[in-house]
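There are 2 protein chains.
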Amino acid sequence: MKLEMICTGEEVLSGQIVDTNAAWFANVMMEHGIEVQRRVTVGDRVEDLVAVFQERSQHADIILVNGGLGPTSDDLSAEAMAKAKGEPLVENKQWREHLEQWFSQNNRVMSANNLKQAWLPQSAIMVDNPVGTACGFRVKLNRAWLFFTPGVPFELKHMVREQFLPFVQQEFGINAHVALNKILTFGHGESLLASKLEPLTIPAGITLGYRSSMPHIEIKLFARGDAAIAQLPAITEQVKSVLGAAVVAENKPTLAEEIHSKLYRSGKTLATAESCTGGLITSQLVAFPGSSSYLHHGLVTYSNESKVKVLGVQPQTLDDFGAVSIPVVEEMAKGARELLDSAFALATSGIAGPDGGTEEKPVGTVAIALATRNAVYSQMVKISGRSRELVRSLSAAVAYDMLRRELNDEAVIVDYSSIKRYPK
Amino acid sequence: MKLEMICTGEEVLSGQIVDTNAAWFANVMMEHGIEVQRRVTVGDRVEDLVAVFQERSQHADIILVNGGLGPTSDDLSAEAMAKAKGEPLVENKQWREHLEQWFSQNNRVMSANNLKQAWLPQSAIMVDNPVGTACGFRVKLNRAWLFFTPGVPFELKHMVREQFLPFVQQEFGINAHVALNKILTFGHGESLLASKLEPLTIPAGITLGYRSSMPHIEIKLFARGDAAIAQLPAITEQVKSVLGAAVVAENKPTLAEEIHSKLYRSGKTLATAESCTGGLITSQLVAFPGSSSYLHHGLVTYSNESKVKVLGVQPQTLDDFGAVSIPVVEEMAKGARELLDSAFALATSGIAGPDGGTEEKPVGTVAIALATRNAVYSQMVKISGRSRELVRSLSAAVAYDMLRRELNDEAVIVDYSSIKRYPK
C-alpha cells in the first residue's frame with residue numbers, strides 16, 4: 011500500500027507557518043507501521059489543487075489531504091476535488107443539519123459561508139468531525155482514495171485517530187501489530203551510543219533508530235509483528251543495561267517531564283535558584299499542570315545583589331570566588347532550599363554567552379548544585395562551542411539529571427562524554 | 011518564473027524532524043518577491059529521488075533541492091541527479107582539494123566517505139559552501155535548473171543568501187526591489203484589525219497581510235518596486251495611526267524583544283515576581299544577550315509561603331483576598347521591586363489551568379501588576395477558553411505591554427478587545 015500526503019494552504023507553502031501537522035501525521039503513521047512515501051505541499055489555487063489530485067492519484071493508493079475545508083473563500087479543497095473528478099458539488103443534508111444544530115446550540119448565527127462546508131463532491135463519502143464545523147470526506151480517483159481532513163491540528167488529530175487509521179487498516183487489510191519503546195539519553199553523542207549498541211543482536215522484526223532532539227538523543231525500538239513485540243521488553247532492557255547512566259527516561263520526551271512526574275508522585279518539594287539558566291528550569295516544570303504541588307519557588311537571581319539579598323549568599327564568597335563558582339552555587343542552592351525548607355533545591359550560575367567569558371572561565375562555564383536536607387552536591391561543567399540557548403538547555407538538563415539520580419538513590423554526579431567537567 | 015522546492019530525507023518525511031528549512035526558505039523568497047509554487051518532500055530512496063527530479067523539472071523553471079549532500083550512505087542527491095540526467099558522477103578536483111585542506115587545517119583525518127562529497131553529476135556547476143564540507147551544485151534538466159543545497163540549516167541559509175538568490179536574480183532577470191515592514195499588534199483579533207484597516211487606500215504595489223503568531227498578530231506591508239517602496243513609510247504610519255494602542259512594536263517579532271531593547275537602551279532595571287506565568291517573563295528576557303545589564307532578578311513565587319517569605323506579601327492579604335487578587339499581586343510587585351530598588355517590577359498571579367478554577371475565579375483569571383518607584387498599576391484579566399500555555403503567554407504579554415506603555419509615558423492600562431478585564 012502506497013501512502014502519500016498532500017498539504018494545502020498558502021500559509022504552509024509560503025512558510026508563514028511551519029507544517030507541524032505533516033510531521034505529526036508521518037510520525038503517527040510510522041508508529042503504526044505505515045510509511046508516508048511522498049508529501050506534496052501546494053497553495054490555494056484551484057488549478058494547482060486539481061493538478062496535484064489528478065497526478066498523485068495515479069501513483070498512490072491512499073492520500074491524506076490536509077487543509078482547505080474551512081468556510082472562507084480560500085478554502086477550496088472540495089471544489090478542486092469535484093473538478094478533478096469531473097463531478098458537481100452536492101449538499102450533504104446530514105452535515106447541513108449538523109451545522110444548523112451546532113450553531114443553534116452554541117447560540118451563534120450561522121453565516122452563508124458556513125453552509126459551504128456541507129457541500130461535497132457528488133461521489134464523496136462524508137467523514138464525521140465531532141470536534142469542528144468542517145466535516146471530512148473521502149473520494150476515489152484513479153487508483154487512490156483521497157481522504158480530506160481539516161487543517162486545525164486538534165481536528166486533524168482526532169480524525170486521523172478515529173477515522174483515517176481504522177479506514178486504512180480495514181481497506182488495505184493492514185493490521186500489523188506494532189509497538190514502540192523510546193529510551194531517552196543524555197550526555198553522550200550518537201556515535202558513542204551507536205558504537206556501544208553495535209554488538210547487540212537486535213531480533214528480527216525490531217528496528218533501532220536514533221533521534222537527536224537537543225539536549226537529548228532518543229533511541230527508538232520499533233517492533234513489527236507479534237513475535238517481535240514479544241521480544242521488545244527484553245531487548246529494551248539490554249539496551250538500557252548497555253547504556254547505563256546515559257539513560258535518563260523511558261517513553262518520556264524530556265528530562266523535565268521525567269522530573270515532573272517523579273516529584274509529583276513523591277510529594278517531595280523543590281526550590282530553584284537560577285542564574286544563567288534564567289528561569290528555564292522553573293518554566294519547563296511550570297508548563298506541566300500539577301507542578302504547583304511540589305514547586306515552592308524558582309528564584310532567578312540574575313544579579314549579584316539579588317544572590318545576596320534573596321538567597322543569602324555571602325558577599326565575601328562572591329568576592330573570593332566570583333559568581334560563577336562552586337562555593338557561590340552551593341550557597342545559592344542552600345539558600346533557596348532553606349527559605350521554605352524544601353526537600354531539594356537546584357542552582358545554576360554560569361556564563362551563557364556570547365559575551366562575558368574570561369580566559370579562566372570561558373563562555374559555557376556553568377556551576378551547578380543540588381542541595382538536599384543532608385548534603386550539597388556540585389560540579390562545574392564546560393560546554394564549549396555552543397549557542398547561548400544550548401548552554402542554557404544543557405545546563406538545565408545537567409541539573410535535572412543530578413536531581414533524578416538523587417531521587418533514584420544513585421550517585422548524584424556522573425561523567426558525560428559530551429560535556430567536560432572542571433576539577434573542583 | 012516558476013519556483014519549486016524539493017525536500018529530501020527520511021527524517022523530514024517521517025516526521026522525526028519538523029521541516030523548518032522549508033518554512034524559512036519560502037519566507038525568505040517571499041520577502042524577495044518570489045513565490046514558491048509547490049513543495050515536494052521525499053525520502054532517501056534513489057528511485058524516488060530520480061522520479062521527482064525528472065517529474066518536477068518538466069514543470070518548474072528553478073527548483074531548490076535541500077538535503078542529501080552529506081558523507082553517509084543515505085545521502086543520495088548527487089547520485090540520483092546523475093541518474094535522472096543519464097550521466098556519470100565525476101570528481102570535482104576543486105572541492106576535493108578544498109576538503110583535503112579543510113581536514114588538515116582542522117587536524118582531522120578525512121575518511122573515504124568525505125571524499126564522496128566531491129563527486130558531482132558530470133554537467134553540474136559547483137556552488138561554493140564556505141561554512142561546511144558539502145558543496146552545493148546546480149544542474150539543468152528539462153526546463154529547470156535544479157539547485158542543490160545542504161540540509162544543515164546554517165549552511166542552507168548561507169548558500170541561499172550568497173548564491174541562490176543572486177543566481178535567480180541574474181538568470182531570470184528578477185531584480186524586483188522589495189521592502190517589508192512588520193507591525194506587531196496585541197490584544198485584538200484579526201477580523202477587528204482588518205475592519206479597521208479596510209477603509210485605508212493601500213497604494214499600488216503594496217500588499218497588506220496578516221500573520222497570527224500567538225499571542226500576537228503581525229501585519230505585513232510588502233512593497234514591490236521603487237514607487238511602492240517610496241510610499242511604504244507613509245502607509246506604515248497610517249496603519250499605525252488607525253490601529254493606535256493595538257500596535258506594540260515595529261519590525262520586532264515579539265513584545266519580549268521590544269521590552270528587552272527598550273530596557274537595554276534605557277539602563278533602567280527590572281525585577282519580576284511571577285506566579286502563574288512561572289518564569290516565562292524572566293526566561294524570555296534572559297534569552298537575549300545583554301539582559302543581565304537590567305534584570306535584577308525574577309522571583310517565581312509559586313507557593314503562598316514563598317510569596318510571604320521572599321516578597322514580603324502579608325499573610326493577611328492572602329487570607330482576605332486569595333493569591334489570585336489585585337491586592338496580592340500589587341504586594342508582589344512592590345516586594346520584588348523594593349528588594350533591590352529596581353526601577354520597575356512586574357508581577358503575575360493567576361489560574362493557568364486546566365484545574366484550579368472556581369466559580370468566582372475561573373481558569374484564565376490572572377492578576378497583573380506593574381510597580382514603579384512612584385506607583386503601582388494593576389488589572390485582573392479573564393482569558394477564557396485557552397490552554398494553560400496560552401493563558402501564560404497572554405498574561406506575560408499583558409505584563410510586557412503595561413511596562414512598554416509606562417516606558418513610553420502612556421497610560422499603563424488599556425482595553426484589549428480580545429481580552430476581558432474584571433472590574434476592580
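Protein chains in written order, with this note's numbering: chain A, 11 to 434; chain B, 11 to 434.
Cβ coordinates follow ideal geometry from the N, Cα and C atoms, glycine included.
Treat the numbers as computed from the prediction; the structure is a model and nothing was measured.
Is any heavy atom of the ligand ZN found at a distance shorter than 8 Å from the C-beta of residue i?
| i | result |
| --- | --- |
| F63 (chain A) | With respect to the ligand ZN, the structure offers nothing, as it holds no ligand at all. |
By the criterion of Cβ-Cβ separation under 9 Å, what are the contact partners of residue i in chain B?
| i | result |
| --- | --- |
| V339 (chain A) | Per Cβ cutoff of 9 Å: no residues; V339 (chain A) is ~16 Å from chain B at best. |
| L125 (chain A) | Per Cβ cutoff of 9 Å: no residues; L125 (chain A) is ~19 Å from chain B at best. |
| P299 (chain A) | A362, G363, P364, D365, G366 and R398 |
| M40 (chain A) | S24, G25 and Q26 |
Mind checking if residue i is an interface residue toward chain B, Cβ cutoff 9 Å exclusive?
| i | result |
| --- | --- |
| Q47 (chain A) | yes |
| Y410 (chain A) | no |
| S302 (chain A) | yes |
| S387 (chain A) | In the sequence as presented, Ser is not what sits at residue 387 (chain A); that position holds Tyr. So, not an interface residue. |
| R402 (chain A) | yes |
| V296 (chain A) | yes |
Under three-state DSSP, which class holds residue i?
| i | result |
| --- | --- |
| L156 (chain A) | strand |
| Q324 (chain B) | coil |
| V376 (chain B) | strand |
| N191 (chain A) | strand |
| K430 (chain A) | strand |
| G77 (chain A) | coil |
| M224 (chain B) | coil |
| M136 (chain A) | strand |
| A281 (chain A) | strand |
| T382 (chain B) | coil |
| Q47 (chain A) | strand |
| H306 (chain B) | strand |
| E451 (chain A) | Summary: the structure shown does not reach residue 451 (chain A), with chain A confined to residues 11 through 434, and so no result is reported for it. |
| A61 (chain A) | helix |
Starting from residue i and walking both ways along the beta strand (DSSP E), at which residues does that stretch end?
| i | result |
| --- | --- |
| G146 (chain A) | G146 to L151 |
| E260 (chain A) | V257 to E260 |
| I16 (chain B) | L13 to T18 |
| Y387 (chain A) | V386 to K392 |
| L210 (chain B) | It is not in any beta strand (DSSP E) - L210 (chain B) carries neither H nor E in the DSSP assignment. |
| F177 (chain A) | Not the beta strand (DSSP E): F177 (chain A) falls in the alpha helix (DSSP H), residues L175 to E181. |
Check for me: the alpha helix (DSSP H) holding residue i runs from which residue to which?
| i | result |
| --- | --- |
| K344 (chain A) | I336 to L349 |
| H69 (chain A) | H69 (chain A) -> no alpha helix (DSSP H), and no H or E assigned at all. |
| R415 (chain B) | R398 to L417 |
| N91 (chain A) | The sequence shown places Met at residue 91 (chain A), rather than the Asn named in the question. Per DSSP, M91 (chain A) belongs to the alpha helix (DSSP H) from S87 to K95. |
| A33 (chain A) | T30 to E41 |
| T292 (chain B) | L290 to V296 |
For residue i, return the contacting residues in chain A, with the cut-off set at a CB-CB distance below 9 Å.
| i | result |
| --- | --- |
| E315 (chain B) | H306, H307, L349 and L350 |
Since residue i contacts residue j with CB under 8 Å, what's their CB separation in whole angstroms?
| i | j | result |
| --- | --- | --- |
| V391 (chain B) | V373 (chain B) | So it is not a contact: roughly 13 Å between Cβ atoms. |
| L273 (chain A) | R414 (chain A) | 10 Å between Cβ atoms; not a contact. |
| A346 (chain A) | A357 (chain A) | 6 Å |
| L305 (chain A) | Y312 (chain B) | 5 Å |
| V149 (chain B) | M169 (chain B) | That pair is no contact at about 15 Å. |
Does the CB of residue i have a neighbour CB from chain A at under 9 Å?
| i | result |
| --- | --- |
| A266 (chain B) | no |
| V422 (chain B) | no |
| G288 (chain B) | yes |
| Y165 (chain B) | In the sequence as displayed, the identity of residue 165 (chain B) is Glu instead of Tyr. Answer no: the Cβ-Cβ gap between E165 (chain B) and chain A never drops below 9 Å. |
| F35 (chain B) | yes |
| Y274 (chain B) | no |
| T311 (chain B) | yes |
| T282 (chain B) | yes |
| E21 (chain B) | yes |
| D84 (chain B) | no |
So which residues of chain A does residue i contact, with C-beta pairs closer than 8 Å?
| i | result |
| --- | --- |
| T51 (chain B) | A32, R48, R49, V50 and T51 |
| V60 (chain B) | Per Cβ cutoff of 8 Å: no residues; V60 (chain B) is ~13 Å from chain A at best. |
| D29 (chain B) | V28, D29, A32 and A33 |
Does any CB atom of chain E fall closer than 9 Å to the CB of residue i?
| i | result |
| --- | --- |
| K319 (chain A) | In the structure shown, chain E does not exist; the protein chains are A and B. |
Name the chain A residues whose beta carbon is nearer than 7 Å to that of residue i?
| i | result |
| --- | --- |
| S293 (chain B) | G288, G289, L290 and S293 |
For residue i, go through chain B and note every residue whose CB falls closer than 7 Å to its CB, in chain order.
| i | result |
| --- | --- |
| R221 (chain A) | Q26 |
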